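The listed protein sequences derive, respectively, from chains F and Y.
The first sequence begins at 1 in my numbering and counts up one residue at a time.
The second sequence begins at 1001 in my numbering and counts up one residue at a time.
So the structure is just underneath, and the comments pick up after that.
Protein chains: 2
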Amino acid sequence: MAAMARAATTSDAFNAIAEPQRRDILALLRAGERPVTDLAQELGMSQPRASKHLRVLREVGLVRVRGAGKQRLYGLDARGLRPVHEWVGGFERFWNESFDRLDTYVQDLKQTQQEE
Amino acid sequence: MAAMARAATTSDAFNAIAEPQRRDILALLRAGERPVTDLAQELGMSQPRASKHLRVLREVGLVRVRGAGKQRLYGLDARGLRPVHEWVGGFERFWNESFDRLDTYVQDLKQTQQEE
DNA sequence: TTGATGTATTCCGATATAGGAATATGATGG
DNA sequence: CCATCATATTCCTATATCGGAATACATCAA
């Protein structure tokens, strides 16, 4: 294990939601439980692909499955998103107060460039 | 371009913040602008490594640089985190209301398992 | 059991990392 | 111009994807 590649998507929620299609899946699941085929069709992706994404989501705990007869119903378990929300929320005051800062920042930048 | 790998980290903020060390860098930058060397030392990583992470953050617009003499000061631009916060926030009521749902869910699950 | 439907997995190829080491580039002061 | 400090980039390796296609697995119905 000399060199390491990117962190596994299954390592945490941050990695799991980095993939747009997985975000789409999660968004759809807010409407309620659904089988893979449904999700795949609605999102215009193949069933195996949807299954793979769901597996990742399951492994980080953002999704739960339960067998319902022949089908397997996937449901949202959003608790894992809470830490993400909180982490990002820690920057809220920065994107709000940014106006002044950025203005002065941009001025500094222009000045710097003129000096070059 | 038959097969595609994972989305580039430079593609958007979601991918950029999937890396823990980049999150650490962003967190540090809340205290103010800083040069690479500072960040690298504080986070216990090599300078080239920090530079690479900063480049990614710059490319997605979460960070800005400005030359200050011999140094280059990196500063936070948190505006790109706002969409992330909003997306994740769209699940807030789900991780709050989850209690009941999960209780009934778990009951269903137990029942299902007993039936197996 | 067999057939049919729904789902998961495996095999494969192409790509995008992350990290280390070495090196290149940049800017400053004398 | 040169030496020095600060930073960025390149080369390399090992790895972890994502996607398609084919296939295995599972469950139900008759």
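Idealized CB from N, CA, C, for every residue including glycine.
Just so you know, these numbers come straight off a predicted model, no measurement behind them.
Positions along the region 9–34 of chain F whose CB lies within less than 8 Å of some CB in chain Y: Per Cβ criterion, the list reads 9, 14, 15, 17, 18, 19, 20, 23, 26, 27 and 30.
Buried versus exposed call for residue 13(F) [16 or more other C-beta atoms within 10 Å across all chains shown]: Counting Cβ neighbours within 10 Å, residue 13(F) comes out buried, since at least 16 surround it.
Residue-chain proximity (residue 58(F), chain Y), Cβ-Cβ < 8 Å: Not an interface residue.
Three-pair Cβ contact test at 8 Å for the region 27–34 of chain F versus the region 1040–1048 of chain Y: Counting Cβ pairs under 8 Å, fewer than three are found: no touch.
Inter-residue CB distance, residue 1054(Y) and residue 1081(Y) (contact presumed, cutoff 8 Å): 16 Å between Cβ atoms; not a contact.
Cβ of residue 84(F) within 8 Å of any chain Y Cβ: When Cβ-Cβ separations below 8 Å define contact, residue 84(F) makes contact with chain Y.
Sequence-distant residues of its chain with Cβ nearer than 7 Å to residue 113(F) (five each side left out): Unreliable positioning characterises residue 113(F) in this predicted model, as indicated by a pLDDT of 43, which lies under 50. The coordinate reading is nonetheless provided below. For residue 113(F), same chain residues with a beta-carbon under 7 Å away, outside a window of 5 residues either side, do not exist.
Ranges of the beta strand (DSSP E) found wholly within the region 1043–1068 of chain Y, counting only runs of at least 3: Counting whole runs of 3 or more residues, the region 1043–1068 of chain Y contains the beta strand (DSSP E) stretches 1063–1068.
Assigned exposure category for residue 1016(Y) - 16 Cβ within 10 Å defines buried: Buried: at least 16 other Cβ atoms inside 10 Å.
Within 8 Å, strictly: CB atoms of residue 1073(Y) and residue 1026(Y): Judged by beta-carbon spacing, residue 1026(Y) lies beyond the 8 Å limit of residue 1073(Y), meaning their Cβ atoms are not closer than that value.
Residue 1075(Y) in three-state terms, based on DSSP: Residue state, collapsed to three classes: strand.
Within 8 Å, strictly: CB atoms of residue 1006(Y) and residue 6(F): In contact: residue 1006(Y) and residue 6(F) (Cβ atoms closer than 8 Å).
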